[in-house]
Amino acid sequence: MVNYSFSLLTFEYFLLILVRISSFVSVAPFFGMQNTPGRLKVGLSVFISLLLFQIVPKESLGYTGIVGYSIIVIKEGITGLLIGFAANICNSIILLAGNLIDINIGFSMATEYNPQMRTQASVTGNLYSYLVMLLLVVTNMHHYILRAISDSYQLIPVNGQVFLWDHLLEGMLNYMIDSFVIAFRITLPVFACIMILNCILGIMAKVSPQMNMFAVGMQLKVLFGLIVMFLTIGLFIDVSDFIFDEMKKIMVFMIKGMYNS
0 MVNYSFSLLT FEYFLLILVR ISSFVSVAPF FGMQNTPGRL KVGLSVFISL
50 LLFQIVPKES LGYTGIVGYS IIVIKEGITG LLIGFAANIC NSIILLAGNL
100 IDINIGFSMA TEYNPQMRTQ ASVTGNLYSY LVMLLLVVTN MHHYILRAIS
150 DSYQLIPVNG QVFLWDHLLE GMLNYMIDSF VIAFRITLPV FACIMILNCI
200 LGIMAKVSPQ MNMFAVGMQL KVLFGLIVMF LTIGLFIDVS DFIFDEMKKI
250 MVFMIKGMYN S
């Protein structure tokens, strides 16, 4: 039997824990999807906060007045958002890779709504995004994400953030660089195939100028692009492992930028 007793101090702690957890859940992959009901997100945040409420040590917050408490709330919200943003790198990489593939094969004008990023995304980006979300659940990476936000209280206690802005800026730069590098690696098979096809079409246009290579090339790009995607879909498990390792790296980098070792 679990007994919960709240005083003014402990209830303030519970609200601060809830702010960090709810901020994280709102942007984290899988948990922060737009098509997830809002009540489910709120219920999950409250449930996790109640569990952490029994574990997190309750120390004096050391604030004066409503302004001081509001500053602590903002700091806790920023902490949860940064950790969730670091975990969301998997969606950024996949959607960027999907956009690059669709630009090469001619699907860039066809877009669909992506519930993870809450924006319009390409067809291939949406396909890869759902595959990554499926693999994230199958490999229990969503458990790792929850453990990361829970273990963050060991390094970053409530009102214990020390924002190292240089370190966070370096983490953001690494985030953007790694996103482009990994996305291009995913796109590379399709890009190489389409580049070879363009060379062949250019040679054929010189050999037989009476043929309309533009009309023929559009259809061949779509055909060859889909064939390469079909042949390389078996490698997506290794790609997802690489993306999840990058997610862990960025999350650790962000957490290190918010505490003074």
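All residue numbers for the sequence shown refer to numbering that gives the first Met the number 0, where the first residue is 0 and numbers rise by one.
Here a beta-carbon is modelled for each residue, glycine too, at the ideal position from N, C-alpha and C.
Query	Result
Straight-line gap, Asn34 to Val41 (C-alpha atoms, nearest Å)	14 angstroms
Outcome for Val157 when other beta-carbon atoms lying within 10 angstroms are tallied against a minimum of 16	buried
Start and end residues, alpha helix (DSSP H) containing Gln268	An answer regarding residue 268 cannot be provided, because it is not within the stretch 0 to 260 covered by the chain.
Same chain, Cβ closer than 8 angstroms to Ser178, five either side skipped, listed in chain order	Ile88, Ser91, Ile92 and Leu95
Other residues of its chain near Gly79: CB distance less than 6 angstroms, five sequence neighbours each side excluded	Arg19, Ser22 and Phe23
Candidates Thr9, Met212, Gly31 and Ile226: closest to His141 by CA position	Gly31
Which of helix, strand or coil DSSP assigns to Thr35	coil
Extent of the continuous beta strand (DSSP E) to which Thr123 belongs	Run containing Thr123: none in the beta strand (DSSP E); it sits in the alpha helix (DSSP H), Val122 to Val137.
Leu99 burial status per 10 Å Cβ neighbour count (16 or more: buried)	buried
CA-to-CA distance, Ser151 to Lys255, given in whole angstroms	10 angstroms
Other residues of its chain near Ile155: CB distance less than 8 angstroms, five sequence neighbours each side excluded	Thr78, Ile254, Met257 and Tyr258
Closest Cα partner of Leu134 within the set Asp165, Lys248 and Gly233	Gly233
Residue environment, Gln160, which counts as buried when at least 16 other CB atoms sit within 10 Å	buried
The alpha helix (DSSP H) enclosing Ser178, as first and last residue numbers	Trp164 to Val206
Residue from Ile104, Asn139 and Asp165 with nearest C-alpha to Leu187	Ile104
Segments of 3+ residues assigned as beta strand (DSSP E) that fall wholly inside the segment 74 to 120	110 to 113
Val227 versus Gly97: straight-line alpha-carbon distance, rounded	13 angstroms
Environment of Phe84 [buried if 16+ CB atoms lie within 10 Å]	buried
Within-8 angstroms CB hit, Phe23 to chain B	Of the chains in the structure shown, none is chain B; there is only one protein chain.
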